[in-house]
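Have a look at the structure below before the remarks.
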Amino acid sequence: MAQKTVIIYTDDLTGEETSEAATHAIALDGVTYEIDLGPDCYDKLLEAVGPFLQAGRKTGGARKPRKVTAGGDDTAAIRAWAKENGYQVNDRGRVRADIREAYQNAR
109 MAQKTVIIYT DDLTGEETSE AATHAIALDG VTYEIDLGPD CYDKLLEAVG PFLQAGRKTG
169 GARKPRKVTA GGDDTAAIRA WAKENGYQVN DRGRVRADIR EAYQNAR
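Rendered as structure tokens:
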């Protein structure tokens with residue numbers, strides 16, 4: 109039996125599929141949000157918050173946006189969470205779907 113996995117990158121704001129989507133973090137009042145955006149929506153975000161960023165003070169270093177994974181999650185974070193919560197997970201390769209689901213449910 110052959111199996112094919114298809115990964116579709118989607119812009120969270122528009123719902124459009126794009127191969128250029130990246131995850132961006134936004135923090136406000138101590139709460140950090142993540143959003144997956146294509147280049148056009150990211151430009152809109154920068155345009156909207158640009159004046160506030162210019163007037164504000166940086167409190168941390170810049171992070172490089174990461175590509176969205178199939179489940180939209182950072183695999184390293186899932187592996188770390190799984191190990192801390194008693195799951196057996198390999199250091200490399202695909203993370204089992206049941207572990208990804210448990211991680212999502214715990215968030």
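Following my numbering, the numbering of the sequence shown begins with 109 at its first residue and continues without gaps. For glycine and all other residues, C-beta sits at the position ideal for the given N, C-alpha and C. Given the structure is predicted, the values throughout are model-derived calculations rather than measurements.
Cβ-based neighbour list, residue i, same chain, cut-off 6 angstroms, excluding 5 preceding and 5 following
i: G146; result: D119, T126, E128, A129
i: Q162; result: none
For residue j and residue i, believed in contact at Cβ under 8 angstroms, the rounded distance
i: E142; j: A135; result: So it is not a contact: roughly 10 angstroms between Cβ atoms.
i: Y211; j: A184; result: Wrong, their Cβ atoms sit about 12 angstroms apart, outside the cutoff.
Bridge partners - residue i, DSSP secondary structure assignment
i: T118; result: E125
Whether residue i touches residue j by CB criterion (7 angstroms)
i: T131; j: D148; result: no
i: R208; j: V197; result: no
Residues of its chain near residue i, where Cβ-Cβ distance is below 7 angstroms and the 5 sequence neighbours each way are ignored
i: V203; result: T183, I186, R187, V197
Cut-off 8 angstroms between Cβ atoms - residues of its own chain near residue i, not counting five sequence neighbours on either side
i: Y195; result: I207, A210
Requested in this report: Please go through the segment 133-213 and give each complete alpha helix (DSSP H) segment of 4 or more residues, from N-terminal end onward.
Outcome: 147-163, 183-192
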